[in-house]
Amino acid sequence: MPGSPRSSTHLFRRLTQLYVGLALYGVSSAVLVRANLGLEPWGVLHQGLAERTGLAIGVVSIIVGALVLLLWIPMRQRPGLGTVSNVVVIGLAMDGTLALMPEVHSLGARIPLMIGGIVLNGLAGGLYIAARFGPGPRDGLMTGMHKVTGRSIRLVRTCIEIAVVATGFLLGGTLGAGTVAYALSIGPLSQYFLRLFAVPEKPETKPEETAAVPEPGPVADPRQPRAILPG
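Quick note: the sequence shown uses UniProt numbering, first residue 1, plus one each step.
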């Protein structure tokens, strides 16, 4: 029932998953930047734009997310709380992490950072997507273009990410082993963590216990003759 303790707990869990997941996604993106072995497709674009504009990469991520969100309008996509939060929280968490995390120069340290960043990215994505507060702006662009063009999700996503990576690389973004490792592993990681953090559609409620009401017995009809038993 709405307003019940179970419903409140259910909503609290979803909100917690959403914002913890988004924050960790920003942290994972920052870890991949510090690993300096290649970023995820959109990260390559964000880094390239940051190099050209002088803006912090997290700020660029917020701006790009907002611009992508505008593309939803002609495709009639509807944003949710998670969509808007995605635009802001990831960029802020990313810049905050980069401000606290020093640069790493040793290859022996950068490789574990890359692996940890990719795994954390999959975990974070599973958390916030499973909360079911709406897709991120970039995922919404993909599904919107799928609806408009009639092409498969796989083809649309591939085309978008190739264009994004190529543009980011030309602007100065880092393309490398991390980009390839991310592309190969993020699907299985996301699938695993989505199942792990799945939130039920509705909180489980115990059926209300109702008192058993005996069925009424037959009522004697006064008009019917009655048998007279011998004394």
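For glycine and all other residues, C-beta sits at the position ideal for the given N, C-alpha and C.
Quick caveat, the model's predicted, so the values are computed rather than measured.
Buried or exposed for residue i, please, with buried defined as at least 16 other CB atoms from any protein chain shown within 10 angstroms of its CB.
i           : result
G172        : exposed
I129        : buried
S8          : exposed
residue 232 : The question about residue 232 has no answer here: the residues shown for the chain are numbered 1 through 231.
L81         : exposed
P5          : exposed
Q17         : buried
Y192        : exposed
R138        : buried
L179        : Note that residue 179 is Thr in the sequence shown here, rather than Leu. Buried, since its Cβ has 16 or more Cβ neighbours within 10 Å.
F12         : exposed
P102        : exposed
V85         : Per the sequence shown, the amino acid found at residue 85 is Ser instead of Val. Buried is the call here.
L100        : exposed
P200        : exposed
A198        : exposed
R157        : buried
E209        : In this prediction, E209 has a pLDDT of 42, which is less than 50 and means its spatial position is unreliable; nothing more can be read from the coordinates.
P74         : exposed
T174        : buried
A109        : exposed
S29         : buried
G26         : buried
Hey, how far is the Cα of residue i from the Cα of residue j?
i           : j    : result
P188        : Y182 : 10 Å
G176        : G21  : 26 Å
Q47         : T143 : 25 Å
D95         : L70  : 23 Å
W72         : R78  : 7 Å
F133        : L37  : 32 Å
L107        : L32  : 13 Å
R154        : H10  : 33 Å
T97         : P41  : 20 Å
A66         : T53  : 17 Å
L49         : L39  : 13 Å
L184        : N121 : 13 Å
L170        : G43  : 13 Å
G126        : I111 : 23 Å
V59         : G168 : 16 Å
A166        : C159 : 11 Å
I115        : S61  : 22 Å
residue 255 : L45  : No answer is possible for residue 255: it lies beyond the span of the chain, which begins at 1 and ends at 231.
V87         : L15  : 16 Å
I186        : A131 : 18 Å
Considering residue i, what are the terminal residues of the alpha helix (DSSP H) in which it resides?
i    : result
N86  : L81 to L100
S7   : P5 to A35
L39  : Run containing L39: none; DSSP gives neither H nor E here.
A124 : L107 to A130
A66  : I57 to L70
Exercise for review: Quick one: which unbroken alpha helix (DSSP H) runs of 4-plus residues sit fully inside the stretch 134 to 208? Chain order, please.
Suggested key: Counting whole runs of 4 or more residues, the stretch 134 to 208 contains the alpha helix (DSSP H) stretches 137 to 149, 153 to 171 and 177 to 196.
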